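Protein chains in written order, with the numbering used here: chain A, -13 to 263; chain B, -14 to 277.
Ideal placement from N, C-alpha and C gives every residue a C-beta, glycine not left out.
These numbers come from a predicted model, not from an experiment.
Report on one structure; see the data block that follows.
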Amino acid sequence: LWSKKETGEKDWEELEELLIQADMGPALSLEIVEEFREFKKSRGGDDWQEWLYQKLFSLLEGNDPSLFASAKEGELKAIILSGVNGVGKTTAAGKLAYLFRNKGEKVSLIAADTFRAAAMEQLEVWAQRAKCRYFRGTEGADPGAVVFDGISSARHQGDTLVIIDTAGRSHVNKNLLAELEKVVRVTKKLILPSNLESILVIDALAGQNAFLQAQSLFPVADLSGIILTKWDSQAKGGIVFRIGKEFHLPVKYLGVGEGIEDLVPFDAEEFVKTIVY
Amino acid sequence: ALTDKFNAIFKKLRSKGKLSEEDVDAILKELRMVLLESDVHYRVAKDLTSRVRERAVGKEVMESVTPGEMVIKILWEEIRQILGGEARELNLSGSFPASVMMVGLQGSGKTTTCGKLGVYLKERGFFPLLVSTDTRRPAAKEQLRILAQTAKLEFFDDPQASTPQEMIKKARDYAREKSLDVILVDTAGRLHVEEELLEELKELIEEEEFSERFLVLDATTGQEAVKVAQSFESWVHPTGLILTKVDTDARGGAVLSIVAQTGWPVKLVGVGEKLNQIEVFHPDRMASRIMG
Ligand SMILES: Nc1nc2c(ncn2[C@@H]2O[C@H](COP(=O)(O)OP(=O)(O)OP(=O)(O)O)[C@@H](O)[C@H]2O)c(=O)[nH]1
Ligand SMILES: Nc1nc2c(ncn2[C@@H]2O[C@H](COP(=O)(O)OP(=O)(O)OP(=O)(O)O)[C@@H](O)[C@H]2O)c(=O)[nH]1
Ligand SMILES: [Mg+2]
Ligand SMILES: [Mg+2]
């Protein structure tokens, strides 16, 4: 970007453009550009990329990318996946089931999307691929009831982890928010707080609306983390910085494809490098 | 909302009397922030605000008694002009039965839109046939089959068909046999960077004639929208856009970026998960929505 000492308006624009196009959002991008201008004035270093790398990395600092860091041994664990329509929840459920089964967990997949056409069939295929137990209710059944029965059944069968797939929902739909809130409430009755992860699934191609999604679902689903899908699209997913700054929600995994193994643990260094370099 | 933000700025400015160029720049800075927050692409937002600036430093705004409202009106007009271009009729001419193809990124709403379009056309006296060439996503065909069944639409599947070309040929034969006049083809989702999958679509449209090739686009799409459009344009040459999930609070700036770039007409919008939740595109409403 800059190799001369005096930098003009045009150079700040290039930094701003990089940040905006990474979907960091106008407010956060402006904030970062202003901070860099201050830095340049006072320190004048030439390596903007190194500065930006450190800045973005610091925004993710303190975020724990692991799941179940403080889970109680010998007690059933649960992952609830929520998010808006089409982001990749059902696929992520299948990938997580496979991943945890390979870690030695006994996994149950619970189909709490009782609404969308072929949603339960879709999850069932993933359960077969992941070779784990699959629990569903009847078409149109109350998701809260399905979760209750599914967790009870998993406990009875000696499972160690349940993964709950929910229906896509728009956070502007009050009824659907209430439905999700109930699913989380039912789960909390049966699972220890230390053994529960409530994960927001976000599409890396989404823009600033993903922030509104996090904002609405954070209190409703008592979110503990994020899975960012479709990162193989080469979209930067910068919205997680904005969400992280506001809600301190850590990214746990990145979805990098449509196959069962296409889920990688979040690596802050790699993630930031992809944006900066 | 935008109007409240600007009223605050203009209240301050009005007390100064006439607007200076600096004042206009301050306003435009705010405008650009609003557009970016609506997911309008960086370059498109820049072009738009510089166009507004050209008009805003003219007499009409500078000497207006309500400069703020004038600037907002100018921006709205500029957006409306980009979005409002082409007529929005569905093109079902050409070979009989007409074929309409749904393409787009994973999860954008193609399968659901296929069902919605079936209902939309049936209500207008057509006899649609729904067919899926998606052999990748688990239960994809089942999903379309269930939607067709729910809406009492004809659905075709041949489990023996080994390529999308073959599936469509067989669907055409079936349509002719049953006197069905429009075939709605659902395809698997694919990224704008998945060249093998885009190649597959390119080969399909080289062999089969489609009177409409719709890019089905999620209204929440961010800055990547322009790259998505460029890629699908070079591989598939879409004839139009269907914007989905407009019932959410996604402002949909991606549609402005794409239309500014490609000139594609926005033919329909999805406004919910049910099969009757599809509407004609209203450029006026979309312009207001993008402006927050
Ligand atoms: N390229 C890519 N595609 C993905 C990824 N994750 C999911 N998908 C695809 O995205 C589409 C939607 O995935 P689903 O799992 O059905 O999404 P969902 O959130 O469960 O959707 P709803 O239940 O309808 O709200 C499918 O075609 C998936 O294969 C990913 O990481 N990369
Ligand atoms: N709120 C809302 N949801 C929609 C709309 N259109 C589709 N959906 C939902 O979005 C999700 C994805 O829709 P699909 O039709 O499966 O998307 P797709 O493009 O076929 O997905 P792939 O085949 O995996 O690429 C589903 O949960 C749909 O119900 C819409 O206009 N509004
Ligand atoms: Mg799902
Ligand atoms: Mg589909």
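Query, Result
"Could you tell me the distance, in whole angstroms, from the CA atom of A/Ser(-11) to the CA atom of A/Asp33?", "Reliability fails at A/Ser(-11), whose pLDDT of 43 lies under 50, so the model's placement of it is uncertain and no value is given."
"How many angstroms separate the CA atom of A/Gly123 from the CA atom of A/Lys216?", "29 Å"
"What in chain A is Cβ-close to B/Leu90, meaning under 7 Å?", "Leu191"
"Mind checking B/Phe141: buried by the 16 CB within 10 Å criterion, or exposed?", "buried"
"For a contact defined as C-beta to C-beta under 9 Å, what are the partners of A/Lys216 on chain B?", "Leu90, Gln91, Gly92, Leu176"
"State the beta-bridge partners of B/Ala278 as determined by DSSP.", "Chain B is shown from -14 up to 277; residue 278 of chain B falls before or after that span and cannot be answered."
"Determine the closest residue to A/Ala8 out of A/Val19, A/Ala190, A/Ala79, A/Leu182, with distance taken between C-alpha atoms.", "A/Ala190"
"From B/Gly92 to B/Glu48, what distance separates their C-alpha atoms?", "49 Å"
"Name the residues in the segment 11 to 42 of chain B whose C-beta lies less than 7 Å from a C-beta of chain A; which are they?", "Met18, Leu21, Glu22, Asp24, Tyr27"
"With burial defined as no fewer than 16 other Cβ atoms inside 10 Å of the residue's Cβ, what is the status of A/Lys(-9): buried or exposed?", "Confidence is the limiting factor: at A/Lys(-9) the pLDDT is only 45, short of 50, which leaves the residue's position unreliable and the question unanswerable from this model."
"Taking B/Glu185 as part of the alpha helix (DSSP H), name the residues at either end of that continuous run.", "180 to 192"
"Using a strict less-than 7 Å threshold between each residue's beta carbon and the heavy atoms of ligand 3, what residues do you get?", "A/Lys75, A/Thr76, A/Asp99, A/Arg102, A/Ala105, A/Gln108, A/Asp151, A/Ala153, A/Gly154"
"Could you confirm whether any beta carbon from chain B is found closer than 8 Å to the beta carbon of A/Thr100?", "no"
"Just to check, is the beta-carbon of B/Ala125 closer than 7 Å to a non-hydrogen atom of ligand 6?", "By its list of ligands, the structure shown excludes ligand 6, since it contains just ligand 1, ligand 2, ligand 3 and ligand 4."
"Classify B/Ser23: buried if its beta carbon has 16 or more other beta carbons within 10 angstroms, exposed otherwise.", "buried"
"Considering only C-alpha positions, which residue in the set A/Gln199, A/Leu147, A/Gln194 is nearest to A/Lys89?", "A/Leu147"
"Does chain B have any CB closer than 8 Å to the CB of A/Pro205?", "no"
"Would you mind telling me which residues of chain B sit closer than 8 Å to A/Pro12, beta carbon to beta carbon, in chain order?", "Arg17, Met18, Leu21, Glu22"
"If you follow the beta strand (DSSP E) that B/Pro113 is in, where does it begin and where does it stop?", "113 to 117"
"Comparing the C-beta of A/Trp(-12) with each C-beta of chain B, is any distance below 8 Å?", "Bear in mind that a pLDDT of 43 at A/Trp(-12), under 50, signals an unreliable position, so the number given afterwards is only what the model happens to contain. It does not; no Cβ of chain B falls within 8 Å."
"Check whether chain A comes within 8 Å of B/Glu180, counting only Cβ atoms and requiring the distance to be less than that.", "no"
"With the cut-off set at 8 Å, would you say B/Thr205 and A/Asn159 are in Cβ contact?", "no"
"Mind checking which residues open and close the beta strand (DSSP E) that includes B/Glu68?", "Per the sequence shown, residue 68 of chain B should be read as Leu rather than Glu. Here B/Leu68 belongs to no beta strand (DSSP E); instead the alpha helix (DSSP H) covers 52 to 69."
"Identify whether A/Leu85 lies in helix, strand or coil by the three-state DSSP scheme.", "helix"
"Would the segment 95 to 106 of chain A count as touching the segment 222 to 238 of chain A if we require 3 or more Cβ pairs under 8 Å?", "no"
"Using the Cβ count rule (16 or more neighbours within 10 Å means buried), how would you classify A/Glu2?", "buried"
"Would DSSP call A/Asp151 helix, strand or coil?", "strand"
"Comparing the C-beta of A/Lys(-9) with each C-beta of chain B, is any distance below 8 Å?", "Residue confidence is low: A/Lys(-9) scores 45 on pLDDT, short of 50, so the model does not pin down where it sits. No coordinate-derived value is stated."
"Among the candidates A/Lys81, A/Val73, A/Gly136, whose CA atom is the shortest distance from the CA of A/Ile96?", "A/Gly136"
"Using a Cβ-Cβ cut-off of 6 Å (strictly less than) and excluding sequence neighbours within five positions of A/Leu182, which residues of its own chain qualify?", "Ala64"
"For ligand 1, any of its heavy atoms closer than 7 Å to the Cβ of A/Thr215?", "yes"
"At a cut-off of 7 Å, is B/Asp8 close to ligand 4 when judged by its beta-carbon and the heavy atoms of the ligand?", "no"
"Within the 8 Å Cβ cut-off, does B/Arg65 reach chain A?", "no"
"So is the beta-carbon of B/Gly174 under 7 Å away from any non-hydrogen atom of ligand 4?", "yes"
"Identify the residues that DSSP records as bridge partners of A/Lys63: which are they?", "A/Leu147"
"Does the contact criterion of 3 or more C-beta pairs under 8 Å hold for the segment 151 to 167 of chain A versus the segment 196 to 208 of chain A?", "yes"
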